[in-house]
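Here the structure is laid out as structure tokens; the discussion comes afterwards.
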Amino acid sequence: MQARGPGSLLVIVPAFNEEGAIADVVRSIHKHVPSVPVLVIDDCSTDSTLFQARSAGAEVLPLPHHLGLGGCVQSGYKLANELGFDYVIRVDGDGQHDPRDIPRILDKLKTSGCEMVIGSRFVENNGSRAGLVRQLGIRFFRIVLRPILGKSVHDPTSGFVGVNRRALAVFGRSFPLEYPEIEALVVLQRRRFRFEEVPCKMRPRTSGRSSITAPKSLYYIAHVLLGVFVNVLKYERRLHRRGQPPAGSGG
Amino acid sequence: MERLLNVTTVLSILLLLLVLVSVRRAHIRVEYSVSWLMAAVAMLLLSRAKPVLDTITRITGIPDSPLTLFLLSGSVFMIMFFRFSVIISHLRDDNIALAQRVAILEYHIQSIRKNG
């Protein structure tokens, strides 16, 4: 697997115990974006995820031990960066993301020149629904993120995300390890990178369960909130040391 | 109060022995045992030096000497736990970076084998 010329795209699929869905996800990506390599990052699954992904025609990056979602995604970003890919789109291994939306995300990345494009359920009313707890969490983080990012983000918890080479280089060095989606936005914003959202449809999971269960929601909110503020303080402190002004509200 | 100080002395000696045995058996690395040894020795000395403890109690305004001893011990252990949290965080970061590097290098090796 090598990047083929400028504008090369890699689709990465972080997966942990997704044997029920991963093969369909890989085949579906190949069907809708043929000739685009698919890299499944297996986060040390205890089931046959690795075998299923390989059988479906994906390249597999098996991790030596379980790193969690952030470490898993970052591994994919690091490898993509080393192999020279210009764009990377992350698709979750549970089948919730529709690969038909990949060309739209890629197109937005190329035409807008922004560093990150989020596939969003809520930019347009497309019938996608999140659970009640998740909806409340999303609303809460929209409010928290608005002044930090300088613009609204409709779906800050979406994992259907495309990045370009500049973001890839940053994420290769610094990427949140647990619940990375929201913190990653702040990491980019603190570097004056821009993001855009494109409407995407999310499907129900085809197998497995979300790692964020109802009892874990409070921990999730506290963890992400702390991560967001740590990232804000960390970067601004560095800027002050260098005698530069704090990051403005790009985007 | 005397009994409480004696109990503290015994606990300090037990902690000291436990740490030394653990170091000898290589269950703890020497660099991580230093904080525990220092804490155990400090507790031992304070529990045996009642005039020192009484002086600290008088200066700080704490009502009781044993309370002073336990507040001091608690503070020392809090600092140690914090220090170990910092160490664990560094180790976790290093561990993740290393695991990612191993995975990527293995991937490159497999690719070379496949293409070569």
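Top line first, the protein sequences correspond to chains A and B.
Note that this note's numbering has the first sequence beginning at 1, numbered continuously upward.
Note that this note's numbering has the second sequence beginning at 1001, numbered continuously upward.
Heads up, the beta-carbon is just placed ideally off N, CA and C, and yes, glycines get one too.
Taking Cβ positions, are residue i and residue j nearer each other than 7 Å?
i	j	result
residue 77 of chain A	residue 171 of chain A	yes
residue 217 of chain A	residue 133 of chain A	yes
residue 26 of chain A	residue 3 of chain A	no
residue 90 of chain A	residue 22 of chain A	no
residue 1016 of chain B	residue 1040 of chain B	yes
residue 154 of chain A	residue 123 of chain A	yes
residue 186 of chain A	residue 228 of chain A	yes
residue 225 of chain A	residue 164 of chain A	no
residue 1065 of chain B	residue 1057 of chain B	yes
residue 1037 of chain B	residue 1052 of chain B	no
residue 166 of chain A	residue 82 of chain A	no
residue 94 of chain A	residue 18 of chain A	yes
residue 1073 of chain B	residue 1043 of chain B	yes
residue 1028 of chain B	residue 1022 of chain B	yes
residue 86 of chain A	residue 159 of chain A	no
residue 1069 of chain B	residue 1046 of chain B	yes
Could you check the C-alpha separation between residue i and residue j for me, to the nearest Å?
i	j	result
residue 197 of chain A	residue 1030 of chain B	53 Å
residue 147 of chain A	residue 192 of chain A	14 Å
residue 220 of chain A	residue 113 of chain A	32 Å
residue 1107 of chain B	residue 177 of chain A	22 Å
residue 68 of chain A	residue 1033 of chain B	31 Å
residue 33 of chain A	residue 15 of chain A	20 Å
residue 1086 of chain B	residue 1079 of chain B	11 Å
residue 1092 of chain B	residue 1002 of chain B	44 Å
residue 51 of chain A	residue 80 of chain A	22 Å
residue 203 of chain A	residue 57 of chain A	23 Å
residue 99 of chain A	residue 161 of chain A	12 Å
residue 157 of chain A	residue 1109 of chain B	35 Å
residue 231 of chain A	residue 169 of chain A	17 Å
residue 1115 of chain B	residue 39 of chain A	17 Å
residue 1101 of chain B	residue 1111 of chain B	15 Å
residue 1007 of chain B	residue 66 of chain A	44 Å
residue 70 of chain A	residue 200 of chain A	22 Å
residue 1011 of chain B	residue 1094 of chain B	35 Å
residue 142 of chain A	residue 150 of chain A	11 Å
residue 190 of chain A	residue 184 of chain A	10 Å
residue 48 of chain A	residue 1104 of chain B	21 Å
residue 248 of chain A	residue 119 of chain A	With a pLDDT of 38 at residue 248 of chain A, under the threshold of 50, the modelled position of this residue cannot be trusted, and the question is left open.
residue 1067 of chain B	residue 1081 of chain B	21 Å
residue 1060 of chain B	residue 1097 of chain B	46 Å
residue 55 of chain A	residue 121 of chain A	31 Å
residue 262 of chain A	residue 1 of chain A	Because chain A spans 1 through 251 in this model, residue 262 of chain A falls outside it and cannot be assessed.
residue 179 of chain A	residue 223 of chain A	8 Å
Check whether chain B comes within 7 Å of residue i, counting only Cβ atoms and requiring the distance to be less than that.
i	result
residue 234 of chain A	no
residue 65 of chain A	yes
residue 83 of chain A	no
residue 172 of chain A	no
residue 306 of chain A	The question about residue 306 of chain A has no answer here: the residues shown for chain A are numbered 1 through 251.
residue 150 of chain A	no
residue 61 of chain A	yes
residue 79 of chain A	yes
Does chain A have any CB closer than 7 Å to the CB of residue i?
i	result
residue 1110 of chain B	no
residue 1102 of chain B	yes
residue 1032 of chain B	no
residue 1097 of chain B	no
Report the CB separation of residue i from residue j in whole angstroms; it is logged as a contact under 8 Å.
i	j	result
residue 105 of chain A	residue 117 of chain A	5 Å
residue 44 of chain A	residue 61 of chain A	Wrong, their Cβ atoms sit about 11 Å apart, outside the cutoff.
residue 175 of chain A	residue 73 of chain A	7 Å
residue 41 of chain A	residue 75 of chain A	5 Å
residue 88 of chain A	residue 136 of chain A	Residue 88 of chain A to residue 136 of chain A, Cβ: 31 Å. No contact.
residue 1113 of chain B	residue 1035 of chain B	Not quite, the Cβ-Cβ distance comes to about 47 Å (not below 8 Å), so this is no contact.
Name, please, each residue of chain E whose Cβ falls closer than 8 Å to the Cβ of residue i.
i	result
residue 71 of chain A	Among the protein chains in the structure shown, which are A and B, there is no chain E.
(message) Going residue by residue through the segment 55 to 97 of chain A, where are the continuous beta strand (DSSP E) segments of at least 3 residues, counting only ones entirely within it?
(response) Given a length threshold of 3 residues, each whole run of the beta strand (DSSP E) inside the segment 55 to 97 of chain A is given here in chain order: 59 to 62, 87 to 90.
(request) Output the residue ranges of the beta strand (DSSP E) runs that lie fully inside the segment 124 to 166 of chain A and measure 3 residues or longer, sorted by chain position. (result) With a minimum length of 3 residues, the continuous beta strand (DSSP E) runs that stay inside the segment 124 to 166 of chain A are 161 to 164.
(message) Just to confirm the assignment: which complete beta strand (DSSP E) runs, minimum length 3, are found wholly within the segment 1039 to 1068 of chain B?
(response) Counting only runs of 3 or more, we get nothing.
(message) Please give the ranges of any beta strand (DSSP E) in the segment 17 to 55 of chain A, keeping only runs that are unbroken, at least 3 residues long and fully inside the region.
(response) DSSP runs (the beta strand (DSSP E)) wholly in the segment 17 to 55 of chain A: 38 to 42.
(request) Would you list, in sequence order, the uninterrupted alpha helix (DSSP H) runs of no fewer than 4 residues that lie entirely inside the segment 96 to 124 of chain A? (result) Whole alpha helix (DSSP H) segments, 4+ residues: 102 to 112.
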